[in-house]
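Numbering follows my numbering, in which position 15 of the sequence shown is assigned residue number 15; successive positions increment by one, without gaps.
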Amino acid sequence: QVQLVESGGGLVQPGGSLRLSCAASGSMDSFGDMGWYRQTPGKQREVVALITNNGVTNYVDSVKGRFTTSRDNAKNTVYLQMNSLKPEDTAVYYCYGRRGIYNFWGQGTQVTVSS
1 QVQLVESGGG LVQPGGSLRL SCAASGSMDS FGDMGWYRQT PGKQREVVAL
51 ITNNGVTNYV DSVKGRFTTS RDNAKNTVYL QMNSLKPEDT AVYYCYGRRG
101 IYNFWGQGTQ VTVSS
């Protein structure tokens with residue numbers, strides 16, 4: 001049974017930083033793309049950042065230059081470093097992983113950017 005467990009969310013002031021972590025049960029070598037989505041009430045879940053198994057990254061335009069995703073396959077962990085946070089980054093953030101034809105999701109972690 002594959003599980004993705006996020007941690008690191010919380011409340012931060014505008015301009016601050018947070019780092020999200022996503023620990024995968026089992027080996028991440030079998031995962032292809034991994035990354036992060038976010039969702040706010042009443043809106044569809046949107047992709048934030050994706051990273052391939054060989055480290056190629058893609059970001060939604062609104063976070064380019066501020067967020068960085070990385071993965072450490074030896075530790076079975078994916079990270080999202082979020083800098084210069086804005087109130088509009090407030091959302092529940094979900095870890096994502098694709099293995100073959102299957103998509104896996106974490107339970108979500110709340111990120112709130114507010115003064």
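Even for Gly, the Cβ is constructed at its ideal location relative to N, Cα and C.
Just so you know, these numbers come straight off a predicted model, no measurement behind them.
Which residues bound the beta strand (DSSP E) around Leu-50? First-last of the beta strand (DSSP E) with Leu-50: 46-51.
Taking C-beta to C-beta, are Leu-18 and Glu-6 nearer than 8 Å? Their beta carbons are not under 8 Å apart, which means Leu-18 does not touch Glu-6 by this criterion.
From Pro-87 to Gly-100, what does the alpha carbon distance come to, in whole angstroms? 36 Å
Status (buried if at least 16 other CB within 10 Å, exposed otherwise) for Ala-74: exposed
Within a Cβ cutoff of 6 Å, which residues of the same chain sit near Gly-10, ignoring the five residues on either side of it in sequence? Hits under 6 Å: none found.
Contact set for Arg-98: own chain, Cβ-Cβ below 8 Å, skip 5 residues either direction: Phe-31, Gly-32, Asp-33, Met-34, Phe-104
Counting C-beta neighbours from all protein chains within 10 Å, is the total for Val-47 16 or more, i.e. buried, or is it exposed? exposed
Residue of Tyr-102, Lys-64, Asp-89 minimising C-alpha distance to Gly-16: Restricting attention to Tyr-102, Lys-64, Asp-89, the CA atom closest to the CA of Gly-16 is found in Asp-89.
Beta strand (DSSP E) containing Gln-81: first to last residue? 77-82
With DSSP run on the structure shown, which of helix, strand or coil describes Ser-17? coil
What is the rounded straight-line gap between the Cα of Thr-57 and the Cα of Ser-115? 31 Å
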